[in-house]
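Some notes on the structure that comes next.
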Amino acid sequence: MSKIILTGDRPTGKLHIGHYVGSLKRRVELQNSGEFDKIYIMIADAQALTDNADNPEKVRDNIIEVALDYMSAGLDPSKSTLLIQSTIPELTELTFYYANLVTTARLERNPTIKSELQMRGFGSSIPVGFYTYPISQAADITAFKATTVPTGEDQMPMVEQTQEIVQRFNFIYGETLVMPHILLPTNSACLRLPGTDGKAKMSKSLGNCIYLSDEPDDIKKKVMSMFTDPDHLKIEDPGKIEGNTVFTYLDAFCTDEHFGRYLPDYNNLDELKDHYKRGGLGDVKVKKFLNNVIQEELEPIRNRRHELEKDIPYIYDVLKKGSEAAREVAAQTLSEVKASMKINYFDDPELIKAGQAKYNN
Ligand code: ATP
Ligand code: MG
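Here's what the structure looks like:
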């Protein structure tokens with residue numbers, strides 16, 4: 018069976034280092050591993066509109082930002098298909114049919130939706146589209162027959178919902194859809210990178226992000242004002258590592274080699290953590306080290322972005338070609354789905370023959 022990846026991002030802002038460690042970096046590695054037959058990377062504009070219906074400009078403007086972030090991080094249009102969700106109406110049609118296989122009680126139980134609803138403060142005025150976006154995500158994943166969905170931890174309930182839809186669809190209508198699996202980051206700090214303010218998740222919608230496109234000065238400012246251990250007031254005080262965002266970011270980004278380059282008093286992160294816990298290590302020193310580590314990771318990405326920014330029409334052309342190619346694949350899946358569901362009336366000679374036979378005697 019082919020190995021196929023589908024994953025993507027909502028165009029609600031530029032991509033940040035949470036996206037990078039949670040999914041984007043992995044996608045680039047998987048793309049370059051040559052192990053996958055097809056890789057689809059989707060800019061989920063229709064999904065972004067489910068909670069931004071009154072702000073279409075935001076979604077429109079961020080399509081190009083996300084595409085630039087993709088390509089500057091190393092996604093290569095000759096190896097991965099980059100596409101825009103709304104250009105593929107087949108996805109909407111699949112969503113409509115899958116909606117019949119999901120109960121409202123099941124949607125209510127989705128923990129990511131629950132926390133996102135709270136974060137967005139919808140109260141009781143929840144847009145139906147937002148409430149049901151896990152179903153549309155199942156359409157996205159299955160339309161491309163994805164076997165593998167590399168994402169951060171927050172997407173686990175979405176992939177589980179997709180698996181249930183696949184199982185139920187195949188049970189009722191016969192084996193048609195491919196069962197996908199989630200591929201989570203192996204480094205636990207990357208499952209859900211916290212915000213610079215220490216909040217549980219770095220998120221475009223919360224404004225607590227270090228963006229892939231941030232200039233060096235912005236990165237430094239953000240790192241130096243990051244949340245640490247609020248009880249670590251004096252250098253000599255013992256410090257806490259748990260819940261200390263600076264150390265979580267180091268867990269996500271730093272390697273032993275970074276110590277040789279920027280902080281040779283220590284051999285590795287464990288030694289640095291031990292010193293912090295004992296007391297006698299100030300936040301500023303740790304933050305300066307983190308700043309060096311992040312700057313090193315983001316510099317080549319930012320430089321590639323500045324190059325790509327010189328030819329915006331080319332980026333739109335990549336998206337257009339990718340969307341056209343992806344649409345053909347989604348259309349093929351939709352026709353298989355409709356055949357399984359017995360709503361392919363005009364393509365089914367058996368139906369027409371049987372219809373005639375009924376009136377021939
Ligand atoms: P929004 O606030 O609009 O939902 P977002 O920042 O949550 O934006 P998404 O576009 O919803 O970003 O998520 C895109 C991908 O990035 C998903 O695979 C998600 O799991 C991953 N991701 C997002 N934020 C983080 C994070 N803080 N840590 C790890 N992965 C993340
Ligand atoms: Mg999100």
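Residue numbers for the sequence shown follow the working numbering, so the first one is 18 and each next one is one higher.
All residues carry an ideal CB built from backbone N, CA and C; glycine is no exception.
Source: prediction; values computed, not measured.
In this structure, the C-beta of Ser222 approaches the ligand ATP to less than 6 Å from one of its heavy atoms.
Rounded to the nearest angstrom, the gap between the Cα atoms of Gly169 and Tyr362 is 41 Å.
Shown here for Tyr283: same chain residues with a beta carbon closer than 6 Å to its own, the five before and five after excluded, namely Phe276, Leu289 in chain order. By the C-beta density criterion, Gln102 is buried, having at least 16 other C-beta atoms within 10 angstroms.
The Cβ atoms of Val83 and Asp26 sit closer than 7 Å to each other.
In the three-state reduction of the DSSP assignment, Gly25 falls in the strand class.
Taking a cut-off of 8 Å on C-beta distances, the segment 187-197 touches the segment 158-177, as three or more cross pairs fall below it.
Looking at the DSSP output, Thr164 bridges to nothing. Of the residues Lys294, Val335, Tyr114, Pro174, the one whose Cα lies closest to the Cα of Asp246 is Lys294. With fewer than 16 other Cβ atoms from the protein chains shown falling within 10 Å of its own Cβ, Asp364 counts as exposed. If you look at Tyr279, you'll find it in the alpha helix (DSSP H) that goes 273-279. In the DSSP assignment, Ile101 falls within the beta strand (DSSP E) that extends over 98-101.
Taking every protein chain shown into account, the CB of Ser19 has fewer than 16 other CB atoms within 10 angstroms, so this residue is exposed. Counting of Cβ neighbours within 10 angstroms places Gln178 among the buried residues, the total reaching 16 or more.
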